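Laid out in C-alpha cells, this is it:
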C-alpha cells in the first residue's frame, strides 16, 4: 500500500493534466532523487559519484 501511495503521488506530482504528459522538473524537491539520467547525462548525485570513482 505504501509503495502504491508513493507511486501515485510521484505520478500526480509530475503529470500535467492539461498537456496530458509528464513534466520532469529537475528543480522539484523529489525528482532529483528519482531520476538517474537525463539528456544523455547522469544526474543522480550518488550514481554520478560512483561512476566518477568517488565512492
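Residue numbers (the numbering used here): 1338 to 1392. Here a beta-carbon is modelled for each residue, glycine too, at the ideal position from N, C-alpha and C. Small disclaimer: the values here were computed from a predicted structure and weren't measured.
- Take residue 1363, set aside five residues on each side of it, and the residues of its chain with a beta-carbon closer than 8 Å to its own are 1369, 1372, 1375 and 1380, in chain order.
- In the three-state DSSP reduction, residue 1348 falls in the helix class (H, G or I).
- Apart from sequence neighbours up to five positions away, no residue of its chain approaches residue 1345 with a beta-carbon distance below 8 Å.
- The beta-bridge partner set that DSSP reports for residue 1380 is empty.
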